[in-house]
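Notes follow the structure.
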Amino acid sequence: MWFEDWQLTGNPFADGTDGDYFLGGRCEEALSRLLFVVEQGWSCGSVAGAARSGKSRLLKEVARQSAERCRMIVPVDATGLARREFAAALVQSLGKPAPLQINPWEVLADLLHGLNAANFRSLWIIDQFDDAAEPLDLELLRLIRLVEQTGRRGTVLVAHRAPLPSPIWASFVDLGIVLEPWTAEECRDFIRRRLQAAGASTDLITDAACDILAAASEGRPGSLQRLCTLALHAAWTLGEEQVDADLVKGLCQELFPACSGSPVASDLRGKPVGIR
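Numbering (the working numbering), first residue to last: 949 to 1224.
Printed below as a string of structure tokens:
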């Protein structure tokens, strides 16, 4: 593989590297706030942000750090779900699909009553909320109400793109968080730390190249990882010893040929590029 030729321990920007993702005060603050929602036993917290802004990873980290506190953690990807499928998806995530003749909401109610009787807490994580086949606002509200009615020993966290998916949210969200894009400096720090973790020199990707990668990704962690991986692969294919600004500019022009307003479509001349 290309990273082996550079004597790296693996792709520095592959998914699954915990810890290095949370850089900068804003990301740490978002994590702390969501953990506070869980610790305080609040009914619902939400996190909003653009696609590939890191919402899913943030929720995974919340789940990881809440494992000792919450006896049951139920993650559900809402992508493609219809309203009538929501409760069944929650039950299925528990690993025990309900029989067809039993209302899945009844299964959830029995489960929550049992957890409350045993003094156990639960955490329900609904990801990709905007990508459901139908609006799930009422189903989400029903889950929250069910948790409240069975002892208030559970918390629902939901990730979505739109800051306010629907007016009804104001009635049940205790704390809403918006993930802001990383700054150019946070992007550079992320790139350097990932390179170091893989055994690479931090100048494998030059500072000027980091600035262009930060601008092209618009400060979104998922996009930044993808672009960094593509840049390293392109450099290896071309036989280059490092990723420089010219290589990244060429790569971005191939990826975004129609984006006349993008940072890479203008004459950068190696200057640092800010993030919109």
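Even for Gly, the Cβ is constructed at its ideal location relative to N, Cα and C.
Start-to-end residues for the beta strand (DSSP E) that takes in residue i
i            : result
residue 1107 : 1102-1108
residue 1004 : Per DSSP, residue 1004 belongs to no beta strand (DSSP E); it is in the alpha helix (DSSP H), 1003-1013.
Chain B within 9 Å of residue i, Cβ atoms only
i            : result
residue 1181 : The structure shown has no chain B; it contains just one protein chain.
Bridge-paired residues (DSSP) for residue i
i            : result
residue 1023 : 1073
residue 1125 : 995
residue 1191 : 1153
Whole-angstrom C-beta distance between residue j and residue i, which should lie under 8 Å
i            : j            : result
residue 1153 : residue 1182 : Between residue 1182 and residue 1153 the Cβ distance is about 12 Å, and since that is not below 8 Å, they are no contact.
residue 991  : residue 1096 : 6 Å
residue 1003 : residue 995  : 5 Å
residue 1155 : residue 1136 : 7 Å
residue 1057 : residue 1094 : 6 Å
residue 1072 : residue 1091 : 6 Å
residue 1017 : residue 987  : 7 Å
residue 1006 : residue 1022 : Actually they do not touch by this definition, with Cβ atoms about 17 Å apart.
Sequence-distant residues of the same chain with beta carbon closer than 6 Å to residue i, five excluded per side
i            : result
residue 982  : 993 and 1010
residue 1020 : 1070
residue 997  : 1003 and 1127
residue 963  : none
residue 965  : In this prediction, residue 965 has a pLDDT of 48, which is less than 50 and means its spatial position is unreliable; nothing more can be read from the coordinates.
residue 1124 : 994
residue 1067 : none
residue 1064 : 1098, 1099 and 1101
residue 1089 : 1120
Other residues of its chain near residue i: CB distance less than 7 Å, five sequence neighbours each side excluded
i            : result
residue 955  : 1147
residue 1081 : 1028, 1029 and 1030
residue 1206 : Its pLDDT being 48, under 50, residue 1206 is placed unreliably in this model, and the coordinates cannot settle the point.
residue 1140 : 1150
residue 961  : 1142, 1173, 1176 and 1177
residue 1061 : 1098
residue 1171 : 1000 and 1165
Limits of the unbroken alpha helix (DSSP H) element including residue i
i            : result
residue 1169 : 1169-1186
residue 1090 : 1085-1097
residue 1065 : 1052-1065
residue 1116 : Note, residue 1116: premise wrong, no alpha helix (DSSP H); not H, not E.
residue 1031 : Residue 1031 -> no alpha helix (DSSP H), and no H or E assigned at all.
residue 988  : No alpha helix (DSSP H) contains residue 988, which DSSP labels as neither H nor E.
residue 1137 : 1132-1145
Other residues of its chain near residue i: CB distance less than 8 Å, five sequence neighbours each side excluded
i            : result
residue 1122 : 985, 990, 991, 992 and 993
residue 1052 : 1035, 1036, 1038, 1039 and 1046
residue 1221 : Because the pLDDT at residue 1221 is just 28, under 50, the model does not fix this residue reliably, and the value given afterwards should be weighed accordingly. 1132, 1159, 1160, 1162, 1163 and 1211, listed in sequence order.
residue 1111 : 996, 1124 and 1126
residue 1195 : 1157, 1179, 1182, 1183, 1186 and 1188
residue 1192 : 1154, 1156 and 1157
residue 1225 : Nothing about residue 1225 can be read from this structure; the chain reaches only from 949 to 1224.
residue 978  : 995, 1006, 1125 and 1127
- Does the region 1069-1078 come close enough to the region 1015-1029 that 3 or more CB-CB pairs lie under 8 Å? yes
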